[in-house]
Amino acid sequence: MANIKSAIKRVQVAERNRLRNKSYKSAVKTLMKKCFSVIDSYSSSPSTELKQEAAQAMSAAYSKIDKAIKTGVLHPNNGARKKSSLARALKRAQTPTQA
10 MANIKSAIKR
20 VQVAERNRLR
30 NKSYKSAVKT
40 LMKKCFSVID
50 SYSSSPSTEL
60 KQEAAQAMSA
70 AYSKIDKAIK
80 TGVLHPNNGA
90 RKKSSLARAL
100 KRAQTPTQA
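In this text, residue positions in the sequence shown follow the numbering used here: the first is 10, and each later residue adds one.
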């Protein structure tokens with residue numbers, strides 16, 4: 010353990026930031042998984058209710074990703090890649106499959 014006052018403070022700040030980063034990353038992963046599962050259920054049986062639910066799940070995931078980018082938890086390119094994969098999954102679910 011550090012003996013110098015500034016070093017002790019840096020350890021405390023680093024721990025606080027680590028927990029905040031972990032919380033954001035966990036929430037982003039959870040919301041993305043939820044969004045993907047809703048999109049899968051929508052693609053298997055399309056309905057307006059599931060489409061709205063998918064849009065709401067995507068909106069929640071986008072919001073959390075943007076907040077994680079704003080606070081510096083995620084790199085902007087990483088956030089863009091996550092949002093792109095969500096949008097791509099929804100678009101793939103909405104287009105009719107070619108036989």
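Built from N, CA and C at the ideal position, the CB exists for glycine as well. Values in this document were obtained by computation on a predicted structure and should not be read as measured data.
Query, Result
"CA nearest to the CA of PHE45, picked from ALA96, LYS34 and ARG19", "ALA96"
"Contained alpha helix (DSSP H) runs [length at least 4] in the stretch 28-81, N- to C-terminal order", "57-79"
"DSSP three-state assignment for ASN12, whether helix, strand or coil", "coil"
"CB-CB length for LYS73 against LEU40, believed under 8 Å", "5 Å"
"Residue of ARG19, SER94 and GLY88 minimising C-alpha distance to ASP75", "GLY88"
"Helix, strand or coil at PRO85 according to DSSP, with G and I counted as helix", "helix"
"Residue of SER53, VAL22 and ILE78 minimising C-alpha distance to PRO105", "SER53"
"Beta-carbon proximity of ALA63 to TYR71, cut-off 7 Å", "no"
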